[in-house]
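Visitor: Take a look at this one; I'll ask things after.
2 protein chains.
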Amino acid sequence: MNTYTFSERGATEAIEEGRALAPKFDADGLVTCVTTDAASGGVLMVAHMNAEALARTIESGEAWYFSRSRRALWRKGETSSHVQRVTEMRIDCDQDAVWIKVEQAGPGACHTGRRACFYRAVPLGKAPDAALVLEFRDADKAFDPAAVYGAKAD
Amino acid sequence: MNTYTFSERGATEAIEEGRALAPKFDADGLVTCVTTDAASGGVLMVAHMNAEALARTIESGEAWYFSRSRRALWRKGETSSHVQRVTEMRIDCDQDAVWIKVEQAGPGACHTGRRACFYRAVPLGKAPDAALVLEFRDADKAFDPAAVYGAKAD
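Right, here's the structure in full:
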């Protein structure tokens, strides 16, 4: 698992139009990852990958992330068993974001117990102020996070 | 446009289960934004919003971003006329990422001339090395970026 080499970042033309994987890791060594449900197409979660998480995801076909809060490599589902099998990985034009489509094992991806992390809508059309009220959507709990995670979320 | 107030970040319970918008801006003052096509469901792009971009998007119902490379507030389509009308905005559990569904005006969202930024797939199942070859998918050019943008991309 420890042998992986990404390409060096070259000229813009090579990064955008080339066939070499040359990820642009940020100052913290991370790229953004958008994870969508291969079945429904909805966004399940947004997380980050460091080089090792990206390499392990590519090699294993299961989603690995890097937890910014825990500062640790993180195999999705290692605690919950809610693993994510990657059906497709895409990289964006400037190679600082990846999009994975996954088959989500178990009832959900979100540590709050929902299917997905985006269970609240922001009302549009007015300047946001203290009166703005989020609307819960697709927010039913799919599992009991305390039972699944105990004190540790993934 | 200059009057907006987001809620203060409170306890985890309030952030995750509450109805107040309390975005978690990072050290650079940004949240991540995933933009999907309201019609196809596919991911068009991943970008960032600072507080003003987020507020303007909420107020106007059109996508505003903050360009990290240009360090500037950025109304999507200001150069290209490829504006994005937001049909729904969601915020995630810990409120550091937003997901907008948009009606994309014009032929595409990507500055390279494609419909979307994720036009290359990463092959799975092997440790990445120099032999890894990205596969172009949904990569047809939808417009001529030089004609649309000149020297300036949005």
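First to last, the protein sequences are chains L and Z. For the first sequence, my numbering begins at -18 and goes up steadily by one. For the second sequence, my numbering begins at -18 and goes up steadily by one. The beta-carbon is built from N, C-alpha and C at its ideal position, and this holds for glycine as well. Predicted, not measured: the structure shown is a model, and the values here were computed from it.
#1: Pick from Z:Met26, Z:Tyr46 and Z:Ala112: whose alpha carbon is nearest that of Glu59 (chain Z)?
#2: Taking CB distances under 9 Å as the criterion, tell me whether Thr93 (chain Z) reaches chain L.
#3: Which of the three DSSP states, helix, strand or coil, is assigned to Thr(-14) (chain L)?
#4: Can you have a look at Val15 (chain L) and say buried or exposed, based on whether 16 or more other CB atoms are within 10 angstroms of its CB?
#5: If you drop the 5 nearest sequence neighbours on each side, which residues of the same chain put their C-beta closer than 6 Å to that of Pro4 (chain Z)?
#6: Give a yes or no on whether the minimum CB-CB distance between Phe6 (chain Z) and chain L is below 9 Å.
#7: Check whether the Cβ atoms of Met26 (chain Z) and Ala108 (chain Z) lie closer than 9 Å to each other.
#8: Could you give the uninterrupted runs of the beta strand (DSSP E) lying entirely in the segment 25 to 62 of chain Z, keeping only those of 3 residues or more?
#9: Throw me the rounded Cβ distance for the Cys91 (chain L) and Cys74 (chain Z) pair, which I believe falls under 8 Å.
#10: Specify the secondary structure class of Ala140 (chain L) as computed by DSSP and reduced to three states.
#11: Output needed for Ile72 (chain L): all residues of its chain with C-beta closer than 6 Å, excluding positions within five of it in sequence on either side, in chain order.
#12: Looking only at its own chain, which residues have a Cβ that is under 7 Å from the Cβ of Met(-18) (chain L), when we skip the five neighbours before and after it?
#13: What did DSSP end up calling Val64 (chain L) once you bin it into helix, strand or coil?
#14: Please list the partners that Lys107 (chain Z) has in chain L, where partner means a Cβ-to-Cβ separation under 8 Å.
#15: Determine, using beta carbons only, whether Asp121 (chain L) comes closer than 9 Å to chain Z.
#16: Flag Val79 (chain L) as yes if its beta-carbon sits less than 9 Å from any beta-carbon of chain Z, otherwise no.
#17: Quick test of your reading: Pro88 (chain Z) and Phe124 (chain Z), contact by CB under 8 Å. State the CB separation rounded to the nearest angstrom.
#18: Quick one: does Glu84 (chain L) have its CB under 9 Å from some CB of chain Z?
#19: To the nearest angstrom, how far is it from the Cα of Ala145 (chain L) to the Cα of Glu84 (chain L)?
#20: By a C-beta neighbour count over all protein chains shown, 10 Å radius and 16 as the cutoff for buried, is Ser61 (chain Z) buried or exposed?
#21: Please tell me whether Arg101 (chain Z) and Leu113 (chain Z) are closer than 9 Å, where the distance is taken between their beta carbons.
#22: DSSP three-state label for Ala165 (chain L), please.
#23: Given a cut-off of 9 Å, decide if Val24 (chain L) and Thr(-7) (chain Z) are closer than it, judged by their beta-carbon atoms.
#24: Decide if Arg95 (chain L) is buried, meaning its Cβ has at least 16 other Cβ atoms within 10 Å, or exposed.
Guide: So, to answer that:
#1: Among Z:Met26, Z:Tyr46 and Z:Ala112, the Cα nearest to that of Glu59 (chain Z) is on Z:Tyr46.
#2: Chain L, which has a Cβ nearer than 9 Å to the Cβ of Thr93 (chain Z), makes this yes.
#3: If DSSP states are grouped into helix, strand and coil, Thr(-14) (chain L) belongs with coil.
#4: Result: buried.
#5: Cβ neighbours of Pro4 (chain Z) beyond the five flanking positions: Phe(-13), Val12 and Gln76.
#6: Output row for Phe6 (chain Z): interface = no.
#7: Contact annotation: Met26 (chain Z) and Ala108 (chain Z) have beta-carbon atoms that are not nearer than 9 Å.
#8: DSSP runs (the beta strand (DSSP E)) wholly in the segment 25 to 62 of chain Z: 45 to 48 and 53 to 56.
#9: Going by Cβ atoms, the distance from Cys91 (chain L) to Cys74 (chain Z) rounds to 6 Å, so yes, they are a contact pair.
#10: Since the first residue shown for chain L is -18 and the last is 135, residue 140 (chain L) is missing from the structure and cannot be characterised.
#11: These residues qualify, in order along the chain: Val79.
#12: Its pLDDT being 43, under 50, Met(-18) (chain L) is placed unreliably by the model, and the measurement read from it follows with that caveat. Only residues of its own chain outside the window of five on either side were considered, and among them Arg37 and Glu40 have a CB closer than 7 Å to the CB of Met(-18) (chain L), listed in chain order.
#13: Of the three classes helix, strand and coil, the one that applies to Val64 (chain L) here is coil, per DSSP.
#14: The answer, in chain order, is Ile39 and Glu40.
#15: False, the Cβ-Cβ gap to chain Z never drops below 9 Å.
#16: Taking 9 Å as the threshold, the shortest C-beta distance from Val79 (chain L) to chain Z falls below it.
#17: Between Phe124 (chain Z) and Pro88 (chain Z) the Cβ distance is about 4 Å, and since that is below 8 Å, they are a contact.
#18: No, because no Cβ of chain Z sits closer than 9 Å to the Cβ of Glu84 (chain L).
#19: As displayed, chain L neither begins before -18 nor continues past 135, which places residue 145 (chain L) out of reach and without an answer.
#20: Within 10 angstroms of the beta-carbon of Ser61 (chain Z) lie 16 or more other beta-carbons, which makes it buried.
#21: No, these two residues do not count as a Cβ contact at 9 Å.
#22: As shown, chain L starts at -18 and ends at 135. That puts residue 165 (chain L) outside it, with no answer to give.
#23: Result no, Cβ atoms of Thr(-7) (chain Z) and Val24 (chain L) do not sit closer than 9 Å.
#24: Label assigned to Arg95 (chain L): buried.
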